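Taken in order, the sequence shown gives residues 1 to 292; the numbers are from this note's numbering.
From the three backbone atoms N, C-alpha and C, an ideal C-beta is built for every residue, glycine too.
No experiment lies behind these values; they were computed from the predicted model shown.
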Amino acid sequence: MSSIDQSGTFTLGDRAVRRLGYGAMQLAGPGVFGPPKDHDAAVAVLREAIASGVDHIDTSDFYGPHVTNQIIREALHPYPDDLVIVTKIGARRGADKSWIPAFSPAELTQAVHDNLRNLGLDALDVVNLRCMIDPHHPAEGSIEAPLSVLADLQRQGLVRHIGLSHVTPTQVAEGRRICKIVGVQNHYNLAHRDDDALIDQLARDGIAYVPYFPLGGFNPLQSSTLSAVAARLDATPMQVALAWLLRRSPNILLIPGTSSLLHLRENLAAAACALPDDAINELEHVAGIVPA
Ligand SMILES: NC(=O)c1ccc[n+]([C@@H]2O[C@H](COP(=O)([O-])OP(=O)(O)OC[C@H]3O[C@@H](n4cnc5c(N)ncnc54)[C@H](OP(=O)(O)O)[C@@H]3O)[C@@H](O)[C@H]2O)c1
Numbered sequence: 001m002s003s004i005d006q007s008g009t010f011t012l013g014d015r016a017v018r019r020l021g022y023g024a025m026q027l028a029g030p031g032v033f034g035p036p037k038d039h040d041a042a043v044a045v046l047r048e049a050i051a052s053g054v055d056h057i058d059t060s061d062f063y064g065p066h067v068t069n070q071i072i073r074e075a076l077h078p079y080p081d082d083l084v085i086v087t088k089i090g091a092r093r094g095a096d097k098s099w100i101p102a103f104s105p106a107e108l109t110q111a112v113h114d115n116l117r118n119l120g121l122d123a124l125d126v127v128n129l130r131c132m133i134d135p136h137h138p139a140e141g142s143i144e145a146p147l148s149v150l151a152d153l154q155r156q157g158l159v160r161h162i163g164l165s166h167v168t169p170t171q172v173a174e175g176r177r178i179c180k181i182v183g184v185q186n187h188y189n190l191a192h193r194d195d196d197a198l199i200d201q202l203a204r205d206g207i208a209y210v211p212y213f214p215l216g217g218f219n220p221l222q223s224s225t226l227s228a229v230a231a232r233l234d235a236t237p238m239q240v241a242l243a244w245l246l247r248r249s250p251n252i253l254l255i256p257g258t259s260s261l262l263h264l265r266e267n268l269a270a271a272a273c274a275l276p277d278d279a280i281n282e283l284e285h286v287a288g289i290v291p292a
């Protein structure tokens, strides 16, 4: 058994994917804008991820913009049959690298076509509607209008499955009344636990939960507790952070992002990192939770 198989699988849409996948956002240039500083390294990271067994890649056409999808296409097209590429729509980029909400029917439709063209696909496996009511924190507000546009694009055959991103539990419930939701992608990691109850609810309902910033995002996690547990287990802090997420709930799918081959290898090896119960209890303190 290769190490990534030890992460197990969970269903995303109509396919079981390995629980350790890859997030492609780090492949664009600084500020997720423009070309990467090392184009060949970006291609190599994608190819090694697939060769190592990754069958779930997260992306968006607003990374770059367009750049990340174009690198994915260059590196991997024609795609392996078992690869699930998940993208997201709901924003566009300003020339100043800003993230601008793009929720009109025309903008959402354009975003789906941009993803199709730049990835070289006839249909997108999974499209997440990324809510932008408040770009920094999930904020309440109806998602019916934009989600109905995405559901129409699904009926036209351009999108196979629909997910939600940067949403509140109320919006997840609203979304599930409008169309089938196969996954939720929100900010969550060892230190950022706002979605604990939502994860458990989605697990009961068989829906995937995909934490973004699993390693802390632009400021990777730093914690003396995490470092101490990692040292004891002969692992790295980032491996323990990923192993904790794998242990947290069976519906969690991981998409750690990196532009580095060494970090990719380190992250995929987290599938083999078993956390004993005392380490789990200790790690609760990273988020300030006192174990019962
Ligand atoms: N839905 C949304 O709104 C949303 C928002 C953000 C991200 N996402 C998705 O989620 C994915 C994951 O999030 P993310 O990439 O922003 O954050 P992340 O996976 O939490 O962390 C990525 C950062 O950690 C570094 N890193 C990765 N592996 C490491 C290791 N083993 N040791 C030390 N540093 C390491 C990376 O730098 P190096 O490149 O140097 O390794 C990068 O700076 C993204 O790629 C994207 O697909 C979605």
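6 Å Cβ shell around residue i - same chain, five flanking residues per side excluded
i, result
"alanine 287", "Ala191, Arg193"
"histidine 187", "Tyr212, Phe213"
"aspartate 61", "Asn69, Asp114, Asn115, Asn118"
"aspartate 125", "Val84, Ile85, Arg160"
"alanine 235", "Cys273"
"cysteine 179", "Ala151, Ile162"
"serine 165", "Lys88, Asn128, Arg130, Gln185"
"proline 65", "Arg93"
"histidine 77", "Gly120"
For residue i, three-class secondary structure by DSSP
i, result
"isoleucine 133", "coil"
"alanine 191", "coil"
"arginine 247", "helix"
"valine 167", "coil"
"leucine 116", "helix"
"histidine 263", "helix"
"aspartate 122", "coil"
"threonine 258", "coil"
"alanine 272", "helix"
"isoleucine 143", "coil"
"asparagine 219", "coil"
"isoleucine 100", "strand"
"isoleucine 199", "helix"
"alanine 28", "coil"
"serine 52", "coil"
"proline 237", "helix"
"proline 105", "helix"
"aspartate 81", "coil"
"isoleucine 178", "helix"
"glutamine 6", "helix"
"glutamine 110", "helix"
Beta-carbon proximity check, residue i vs residue j, cutoff 8 Å
i, j, result
"leucine 246", "isoleucine 255", "no"
"alanine 24", "isoleucine 57", "yes"
"aspartate 38", "arginine 18", "no"
"valine 240", "isoleucine 207", "no"
"leucine 226", "leucine 261", "no"
"serine 249", "isoleucine 280", "no"
"lysine 97", "phenylalanine 33", "yes"
"proline 237", "alanine 230", "yes"
"alanine 243", "leucine 275", "yes"
"threonine 109", "valine 149", "yes"
"proline 146", "phenylalanine 103", "yes"
"leucine 20", "leucine 202", "no"
"aspartate 14", "aspartate 55", "no"
Cut-off 8 Å between Cβ atoms - residues of its own chain near residue i, not counting five sequence neighbours on either side
i, result
"alanine 42", "Leu27, Pro36, Ile71, Ala75, Ser259"
"glutamate 140", "Ile133, Thr168, Thr170, Gln171"
"isoleucine 289", "Arg193"
Residues that DSSP places opposite residue i in a beta bridge
i, result
"valine 184", "Leu164, Tyr209"
"threonine 11", "Ala16"
"alanine 41", "Answer by DSSP bridge pairing: none, since alanine 41 is not bridged."
"aspartate 58", "Gly23, Val86"
"phenylalanine 295", "In the structure as shown, the chain begins at 1 and stops at 292. Residue 295 is therefore absent and cannot be evaluated."
"asparagine 281", "None; asparagine 281 has no bridge partner."
"arginine 93", "Trp99"
"isoleucine 252", "Tyr209"
"valine 127", "Thr87, Ile162"
Sequence-distant residues of its chain with Cβ nearer than 7 Å to residue i (five each side left out)
i, result
"arginine 73", "Asn118, Leu119, Gly120"
"leucine 264", "Val45, Glu48, Ala49, Thr258"
"glycine 53", "Ser2, Ile4, Asp5, Arg18"
"glycine 144", "Correcting the residue type first, residue 144 is glutamate in the shown sequence and not glycine. For glutamate 144, where only same-chain residues beyond five positions count, the Cβ hits under 7 Å are Glu174, Ile178."
"serine 7", "Arg18, Arg19, Leu20, Leu246, Ala271"
"glutamate 266", "Thr236, Met238, Gln239"
Contact with chain B by residue i, beta-carbon distance below 8 Å
i, result
"leucine 147", "You won't find chain B in this structure, because it holds only one protein chain."
Exercise. Does the region 212 to 232 come close enough to the region 82 to 92 that 3 or more CB-CB pairs lie under 8 Å?
Worked result: no
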